[in-house]
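Protein chains in written order, with this note's numbering: chain G, 1 to 139; chain H, 140 to 278; chain U, 279 to 417; chain V, 418 to 556. See structure below.
Protein chains: 4
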Amino acid sequence: MHEVFENVVRFEETDAQGIVFYGNYATFQDETFTAFMEAIGYPYSEIEEHGWDVHVVNLELNYRKPAEFRDTLHNAMRVTAIKESSIEFAYECRNDAGELLVEGTVVHVAVDESGAPTRVPDEFREAVAAFQDEPPEPV
Amino acid sequence: MHEVFENVVRFEETDAQGIVFYGNYATFQDETFTAFMEAIGYPYSEIEEHGWDVHVVNLELNYRKPAEFRDTLHNAMRVTAIKESSIEFAYECRNDAGELLVEGTVVHVAVDESGAPTRVPDEFREAVAAFQDEPPEPV
Amino acid sequence: MHEVFENVVRFEETDAQGIVFYGNYATFQDETFTAFMEAIGYPYSEIEEHGWDVHVVNLELNYRKPAEFRDTLHNAMRVTAIKESSIEFAYECRNDAGELLVEGTVVHVAVDESGAPTRVPDEFREAVAAFQDEPPEPV
Amino acid sequence: MHEVFENVVRFEETDAQGIVFYGNYATFQDETFTAFMEAIGYPYSEIEEHGWDVHVVNLELNYRKPAEFRDTLHNAMRVTAIKESSIEFAYECRNDAGELLVEGTVVHVAVDESGAPTRVPDEFREAVAAFQDEPPEPV
Numbered sequence: 001m002h003e004v005f006e007n008v009v010r011f012e013e014t015d016a017q018g019i020v021f022y023g024n025y026a027t028f029q030d031e032t033f034t035a036f037m038e039a040i041g042y043p044y045s046e047i048e049e050h051g052w053d054v055h056v057v058n059l060e061l062n063y064r065k066p067a068e069f070r071d072t073l074h075n076a077m078r079v080t081a082i083k084e085s086s087i088e089f090a091y092e093c094r095n096d097a098g099e100l101l102v103e104g105t106v107v108h109v110a111v112d113e114s115g116a117p118t119r120v121p122d123e124f125r126e127a128v129a130a131f132q133d134e135p136p137e138p139v
Numbered sequence: 140m141h142e143v144f145e146n147v148v149r150f151e152e153t154d155a156q157g158i159v160f161y162g163n164y165a166t167f168q169d170e171t172f173t174a175f176m177e178a179i180g181y182p183y184s185e186i187e188e189h190g191w192d193v194h195v196v197n198l199e200l201n202y203r204k205p206a207e208f209r210d211t212l213h214n215a216m217r218v219t220a221i222k223e224s225s226i227e228f229a230y231e232c233r234n235d236a237g238e239l240l241v242e243g244t245v246v247h248v249a250v251d252e253s254g255a256p257t258r259v260p261d262e263f264r265e266a267v268a269a270f271q272d273e274p275p276e277p278v
Numbered sequence: 279m280h281e282v283f284e285n286v287v288r289f290e291e292t293d294a295q296g297i298v299f300y301g302n303y304a305t306f307q308d309e310t311f312t313a314f315m316e317a318i319g320y321p322y323s324e325i326e327e328h329g330w331d332v333h334v335v336n337l338e339l340n341y342r343k344p345a346e347f348r349d350t351l352h353n354a355m356r357v358t359a360i361k362e363s364s365i366e367f368a369y370e371c372r373n374d375a376g377e378l379l380v381e382g383t384v385v386h387v388a389v390d391e392s393g394a395p396t397r398v399p400d401e402f403r404e405a406v407a408a409f410q411d412e413p414p415e416p417v
Numbered sequence: 418m419h420e421v422f423e424n425v426v427r428f429e430e431t432d433a434q435g436i437v438f439y440g441n442y443a444t445f446q447d448e449t450f451t452a453f454m455e456a457i458g459y460p461y462s463e464i465e466e467h468g469w470d471v472h473v474v475n476l477e478l479n480y481r482k483p484a485e486f487r488d489t490l491h492n493a494m495r496v497t498a499i500k501e502s503s504i505e506f507a508y509e510c511r512n513d514a515g516e517l518l519v520e521g522t523v524v525h526v527a528v529d530e531s532g533a534p535t536r537v538p539d540e541f542r543e544a545v546a547a548f549q550d551e552p553p554e555p556v
């Protein structure tokens, strides 16, 4: 799994339990997705230019350890499956000590300009395969 | 000043000091603006239909007392001035006991479809005047 | 499932796709949890007074339809299982037309003052059973 | 003014107007405050260790140009006045081209452990003066 996004916990992201509010990891994971797309050379702007878009259809997060204000979070991602019109990503968030704080998955569906599901373009599949060394699960 | 928006503090809105993070009052004030527009019978959807939009150019908030998780916030607003292309609102946020927690101002500029400043429509001026009993400061 | 929390989409909650950013449903679901606890007569303040606390360990959300600015969201929740030290909730978010927008689950672990897992108190189990008509899955 | 904090606009921070929701600059400015404190060698953790804390009492932001998803924001800060128990900061946020997007001020009040206003410690005044070359406005 490639670490592609690093962030430092903001005060706004903490809650009255003194830790990062758990919903914020959806944002961290979304930024990790954005950074992953840039890392593979297929940034979100490219998606729009090629006439498709992505919609999140499933999010799962497992919380192992809390993070606090000013902790540095190391966020990693990997495509685990590309189906006809969906892409599944695994996500991990670790602290400076390498401890796993949060891990989970997110599934994006590729949609065309009308919002209907569409085939994930081959250029995207190839960009992922090239980046991840070995091709993800075949369709 | 008319109380037009009420909200209960969410856990996500608290921070590690155990109180509402101060930046969240920008959101509460923005929802109060939305509710105010609805209260005067000129909702945001009407703005868009009439071919103009509003951009915030200035926000000032003064913090008097903190709020905590589950506190009910009573948000009030009043137009204090309508200039050629700008609208100034006064804002107050009080708790159940009527104590002032936050007060401030926000200035919106009316823009046309190109994003250039445009005259605040007379229908809006009249809607405000009718709602607030007496006309705001004349241009 | 009981609808216990209603909210109107805030402008701050929308994103550049023109819909509610998907991570915000974690917050809506968390407020639904809070409202559920109040509905069963065991509010969060009660948890603290009885010397335990809850930590979220798993969150899963499935996105069916998007919501837009000013949509009213109807949020429902039900306890689906209480194990020795964990509580699983099912969550549904619907629009005014009753259409399902988001559904999912969240798992809270009961912890004692040291942060170690502890048995979910019987008073809580009984409050849930009384509210939900029939007892959830027995331990 | 020293640039002490840089951030890239997150998708979650955009709104249905396609730009950064204006309330988010309160968060950016708060992180700039945190980074400023670290830059002068008096981090927030030091504040707590020395038995005082800071509360925001006034926030003012002026919006000049919008920012979009993936824009890099360069945030700068300067102490403009230290009174007996308050500290006033000027804040500027610029884009990569050096254009001013947002500028404003924030005022923090120093409070003791009971929450009562207290004198801003001399060590803090000296750290600011050393960092900013010339001492801020004398008390």
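Note that the Cβ used here is the ideal one computed from N, Cα and C, for glycine as well. Note that this is a predicted model, so its numbers are computed, not measured.
**Message:** Between which residues of its own chain and THR497 (chain V) is the CB-CB distance below 6 Å, once the five residues before and five after are set aside?
**Reply:** On the fourth sequence, residue 497 (chain V) is found 80 positions in, with the first residue counted as 1. So the list reads GLU505 and ALA507, once near-sequence residues are dropped.
**Item:** Range of the contiguous beta strand (DSSP E) that encloses ILE87 (chain G)
**Value:** The residue given as residue 87 (chain G) occupies position 87 in the first sequence. In the DSSP annotation of this structure, the continuous segment of the beta strand (DSSP E) that includes ILE87 (chain G) starts and ends at 86-94.
**Exposure of GLY243 (chain H), with buried meaning 16 or more beta-carbon neighbours within 10 Å** = Here residue 243 (chain H) refers to the residue found at position 104 when the second sequence is read from its first residue. Classification for GLY243 (chain H): buried.
**Asked** Within the 7 Å Cβ cut-off, does THR449 (chain V) reach chain U?
**Response** Residue numbering aside, residue 449 (chain V) sits at position 32 when the fourth sequence is read from its first letter. It does not; no Cβ of chain U falls within 7 Å.
**Prompt:** Taking TYR63 (chain G) as the reference, which of G:PHE21, G:PRO121 and G:ALA16 has the closest Cα?
**Reply:** Taking the first residue of the first sequence as position 1, residue 63 (chain G) is located at position 63. The residue with the shortest Cα to Cα distance from TYR63 (chain G) is G:PHE21.
**Alpha-carbon spacing of ASP169 (chain H) relative to PHE289 (chain U), whole angstroms** = If you number the second sequence from 1, residue 169 (chain H) lands on position 30. If you number the third sequence from 1, residue 289 (chain U) lands on position 11. Distance between the alpha carbons of ASP169 (chain H) and PHE289 (chain U): 8 Å.
**Message:** According to DSSP, simplified to helix, strand and coil, what is ILE464 (chain V)?
**Reply:** For the purposes of this step, residue 464 (chain V) is taken as the residue at position 47 of the fourth sequence. DSSP places ILE464 (chain V) in helix when its eight states are reduced to three.
**Request:** From the DSSP output, read off the bridge partner residues of PRO256 (chain H).
**Result:** On the second sequence, residue 256 (chain H) is found 117 positions in, with the first residue counted as 1. Under DSSP, PRO256 (chain H) takes part in a beta bridge, and its partners are H:VAL250.
**Request:** With DSSP collapsed to three states, give me the class of ARG288 (chain U).
**Result:** Counting from 1 along the third sequence, the entry for residue 288 (chain U) is found at position 10. If DSSP states are grouped into helix, strand and coil, ARG288 (chain U) belongs with coil.
**Message:** Determine, for THR211 (chain H), whether the minimum Cβ-Cβ distance to residues of chain G falls below 7 Å.
**Reply:** As a working note, residue 211 (chain H) is residue 72 in the second sequence. False, the Cβ-Cβ gap to chain G never drops below 7 Å.
**Asked** Which residues in the same chain have their Cβ closer than 8 Å to the Cβ of VAL286 (chain U), if we skip the five residues on either side of it in sequence?
**Response** Taking the first residue of the third sequence as 1, we reach residue 286 (chain U) at position 8. Correct list, in chain order: ARG348, ASP349, THR350 and LEU351.
**Prompt:** Which partner residues of VAL473 (chain V) appear in the DSSP bridge assignment?
**Reply:** Working through the fourth sequence from its first residue, we reach residue 473 (chain V) at position 56. Its beta-bridge partners are V:HIS525.
**Request:** Give the single residue among V:PHE450, V:GLY440 and V:ALA433 whose Cα lies nearest to the Cα of GLU420 (chain V).
**Result:** The residue you call residue 420 (chain V) lines up with position 3 of the fourth sequence. Nearest option by C-alpha distance: V:PHE450.
**Request:** Return the chain-ordered list of same chain residues with a C-beta closer than 6 Å to the C-beta of GLU199 (chain H), the five sequence neighbours on each side being excluded.
**Result:** Taking the first residue of the second sequence as position 1, residue 199 (chain H) is located at position 60. Shown here for GLU199 (chain H): same chain residues with a beta carbon closer than 6 Å to its own, the five before and five after excluded, namely GLY243 and THR244 in chain order.
**Asked** Would a check of beta-carbon distances place THR14 (chain G) closer than 7 Å to chain V?
**Response** As a working mapping, residue 14 (chain G) is identified with position 14 in the first sequence. The C-beta of THR14 (chain G) comes no closer than 7 Å to any C-beta of chain V.
**Prompt:** Just how far apart, CA to CA, sit PHE402 (chain U) and ASP154 (chain H)?
**Reply:** One-based indexing of the third sequence puts residue 402 (chain U) at position 124. One-based indexing of the second sequence puts residue 154 (chain H) at position 15. Distance between the alpha carbons of PHE402 (chain U) and ASP154 (chain H): 27 Å.
**Prompt:** What's the C-alpha gap between GLU404 (chain U) and LYS361 (chain U)?
**Reply:** Taking the third sequence and counting its residues from 1, the one referred to as residue 404 (chain U) is at position 126. Taking the third sequence and counting its residues from 1, the one referred to as residue 361 (chain U) is at position 83. Rounded to the nearest angstrom, the gap between the Cα atoms of GLU404 (chain U) and LYS361 (chain U) is 14 Å.
**Prompt:** What first and last residue would you give for the alpha helix (DSSP H) that runs through VAL128 (chain G)?
**Reply:** Within the first sequence, residue 128 (chain G) is the residue found at index 128, counting from 1. Boundaries of the alpha helix (DSSP H) harbouring VAL128 (chain G): 122-131, taken from the DSSP string.
**Prompt:** Which two residues bound the contiguous beta strand (DSSP E) that contains MET216 (chain H)?
**Reply:** Translated into the one-based positions of the second sequence, residue 216 (chain H) becomes position 77. Annotation for MET216 (chain H): the continuous beta strand (DSSP E) segment containing it runs 211-221.
**Request:** Give the residues of chain H in contact with GLU509 (chain V), contact being defined as C-beta atoms less than 9 Å apart.
**Result:** Working through the fourth sequence from its first residue, we reach residue 509 (chain V) at position 92. For GLU509 (chain V), no chain H residue has a Cβ inside 9 Å of its Cβ, as the nearest lies near 15 Å away.
**PHE314 (chain U) vs MET355 (chain U) beta-carbon contact at 7 Å** = Position 36 of the third sequence, counted from the first residue, corresponds to residue 314 (chain U). Position 77 of the third sequence, counted from the first residue, corresponds to residue 355 (chain U). Yes, these two residues count as a Cβ contact at 7 Å.
**Request:** Take the Cβ of GLY301 (chain U) as the centre, count every other Cβ of all protein chains shown within 10 Å, and call the residue buried at 16 or more, exposed below.
**Result:** Here residue 301 (chain U) refers to the residue found at position 23 of the third sequence. By the 10 Å Cβ count, GLY301 (chain U) comes out buried.
**Message:** Tell me the rounded alpha-carbon separation between ALA375 (chain U) and ALA345 (chain U).
**Reply:** Numbered from its first residue, the third sequence carries residue 375 (chain U) at position 97. Numbered from its first residue, the third sequence carries residue 345 (chain U) at position 67. Taken atom to atom, the span from the alpha-carbon of ALA375 (chain U) to that of ALA345 (chain U) is near 12 Å.
**Asked** Do we get a CB-CB distance below 7 Å when we pair PHE167 (chain H) with the residues of chain U?
**Response** What you label residue 167 (chain H) is simply residue 28 of the second sequence in a count that begins at 1. Judged by the 7 Å Cβ criterion, PHE167 (chain H) is not in contact with chain U.
**Message:** DSSP three-state label for PHE438 (chain V), please.
**Reply:** Sequence index remark: in the fourth sequence, residue 438 (chain V) carries index 21 (1-based). Residue state, collapsed to three classes: coil.
**Request:** Determine which residues of the stretch 373-387 of chain U have a Cβ less than 9 Å from any Cβ of chain V, and write them out in chain order.
**Result:** Answer set for the stretch 373-387 of chain U: empty.
**Item:** Chain-order list of residues whose beta-carbon lies under 7 Å from that of PHE548 (chain V) (same chain, five-residue window excluded)
**Value:** In the fourth sequence, the residue the question calls residue 548 (chain V) occupies position 131. In its chain, beyond the 5 residues on either side, ALA456 and ILE457 have a beta carbon closer than 7 Å to the beta carbon of PHE548 (chain V).
**Message:** Quick check on the burial criterion: 16 or more other C-beta atoms within 10 angstroms. Buried or exposed for LEU518 (chain V)?
**Reply:** On the fourth sequence, position 101 is the one that residue 518 (chain V) refers to. Buried.
**Message:** Counting C-beta neighbours from all protein chains within 10 Å, is the total for ALA394 (chain U) 16 or more, i.e. buried, or is it exposed?
**Reply:** The sequence position of residue 394 (chain U) within the third sequence is 116, counting from 1. Around the beta carbon of ALA394 (chain U), a 10 Å sphere encloses fewer than 16 other beta carbons of the protein chains shown; the residue is thus reported as exposed.
**Asked** According to DSSP, is PHE311 (chain U) helix, strand or coil?
**Response** Residue 311 (chain U) sits at position 33 when you count from the first residue of the third sequence. Helix, per DSSP.
**Request:** Pull up the DSSP beta-bridge partners for VAL282 (chain U), would you.
**Result:** Here residue 282 (chain U) refers to the residue found at position 4 of the third sequence. In DSSP, VAL282 (chain U) forms no bridge with anything.
**Message:** Between VAL440 (chain V) and chain U, is the shortest Cβ-Cβ distance under 7 Å, so that the two count as touching?
**Reply:** By one-based count along the fourth sequence, residue 440 (chain V) stands at place 23. Here the sequence assigns Gly to residue 440 (chain V), which means Val is not the residue at that position. GLY440 (chain V) counts as touching chain U.
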